[in-house]
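Asks:
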Amino acid sequence: MKHQTSNLKHETSNIKLQTSNLKLNDVFVPITVFIPVYNEELILKENISRLANYLDTVWPEYEILIASNGSTDNTMAIAKELNSANSRVNYFDLPEKGVGTAFREGITKAAHDRIVTVDADLTTDMDFIPRAAKLLDEYDIVVGSKKTGTQKRSLVRILGSGSFIFCVRLLLGLPYVDYSIGSKAYRRATIARYAEYIDYGSSYVIEIIYRAWRQGASIVEIPVSCEDTRESKFNLAHEGIYRFSNLFKLWLKTVRH
Ligand SMILES: Nc1nc2c(ncn2[C@@H]2O[C@H](COP(=O)(O)OP(=O)(O)O)[C@@H](O)[C@H]2O)c(=O)[nH]1
Ligand SMILES: [Mg+2]
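Numbering (our numbering), first residue to last: 2 to 258.
Following this line, the structure appears as structure tokens:
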């Protein structure tokens, strides 16, 4: 798949290159770091500041895009405050529910053509962002994988995602092992093709990866390390039923017909 880039030569020495695979003469294409949020007032300010400080040291031009679906706490007020303090932080809030809905909107609202998704709790190592952004020079999609990396997560969650991955492989033949929303990176031109298939919830990840994979997109999976520090914002039972039923629907729609 063809990709348009607006090349930004990195020539300044004030950017410390902290990731092993980045070199001073690399070309750093601007990125949007997309962060879906729902009622994240407890961590948003601290984590976005931490993320921006980190990105300042590894990536010359970026946007942090905070995307909410009707958060009912102070999340949006904090997002507004962060934007006033730092013009690289943008935000929007949608009345409709769901991370997929937010992501679909994010594809059109993102300031840049390379979109890296990260969860607001920053439980996955931030160095996924520059590693994945760089890989988008060559690939359409980068899948950050906790399974091939390291994970400190509850057994219930590891077993839940393990059985989901097993069924994905069985039904769709997809070879990847992480379909969570966080730690993924996409070229906008690739995902824009699948925008109409983006569901309201987290199933959009597998929907995009699967459709792109079938059409021969270049996809790479890289390990990430993840340590859960809090309970999920998702209702895990509901999330499990939703994901498995959507997987089954996807199989019916695309494999059998
Ligand atoms: N926009 C949006 N973000 C959500 C929603 N539900 C959860 N999130 C965000 O999705 C990200 C992942 O949630 P998290 O609770 O860390 O889920 P985990 O992957 O199960 O640990 C966090 O940034 C949440 O704030 C939602 O309905 N809409
Ligand atoms: Mg989390």
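Beta carbons: idealized from backbone N, C-alpha and C, even for Gly.
1. Looking at T151 and ligand 2, is the gap between the Cβ and the nearest heavy atom below 7 Å?
2. Provide the residue span of the alpha helix (DSSP H) that contains I67, from first to last.
3. I need the DSSP call for T151, collapsed to helix, strand or coil.
4. Excluding the five sequence neighbours on either side, which residues of its own chain have a C-beta within less than 7 Å of the C-beta of L79, listed in chain order?
5. Let's see if you can read the secondary structure: which residues bound the alpha helix (DSSP H) around K98?
6. For E197, tell me which candidate among I108, N91, P96 has the shortest Cα-Cα distance.
7. Considering just the uninterrupted stretch of the beta strand (DSSP E) at P37, what are its terminal residues?
8. Quick one: what's got a C-beta closer than 6 Å to T33's C-beta in the same chain, skipping five residues either side?
9. Within the continuous alpha helix (DSSP H) that includes P265, where are the two ends?
10. If contact is defined by three or more beta carbon pairs under 8 Å, each pair taking one atom from either stretch, is the region 183–192 in contact with the region 142–152?
11. CA-CA distance, L83 and V90?
12. Report the three-state DSSP secondary structure of E139 (helix, strand or coil).
13. Using 8 Å as the threshold, is the region 90–105 in touch with the region 149–166, meaning 3 or more CB pairs across them?
Replies: Quick look at the numbers:
1. No; taking the cut-off as 7 Å, the Cβ of T151 has no heavy atom of ligand 2 nearer than that.
2. Counting along the chain, I67 sits inside no alpha helix (DSSP H); it lies in the beta strand (DSSP E) bounded by residues 63–70.
3. Note: T151 maps to strand in three-state DSSP.
4. The question names Leu, yet the displayed sequence has Ile at residue 79. Around I79: E42, L45, K46.
5. Segment: none, K98 is in no alpha helix (DSSP H) and carries neither H nor E.
6. The candidate whose alpha carbon is nearest that of E197 is I108.
7. Taken as a continuous stretch (DSSP letters only), the beta strand (DSSP E) holding P37 covers 32–38.
8. When the five nearest sequence neighbours on each side are left out, the beta carbons in the same chain lying within less than 6 Å of the beta carbon of T33 are those of E64, L66, A111, A112, H113, I116, in order along the chain.
9. Outside the displayed span of the chain (2 to 258) sits residue 265, for which this structure offers no information.
10. Per the Cβ contact rule, the region 142–152 is in contact with the region 183–192 (3 or more Cβ pairs under 8 Å).
11. Cα to Cα, the separation comes out at about 6 Å.
12. E139 sits in coil when the DSSP states are folded into three classes, being neither helix nor strand.
13. The region 90–105 vs the region 149–166: no contact.
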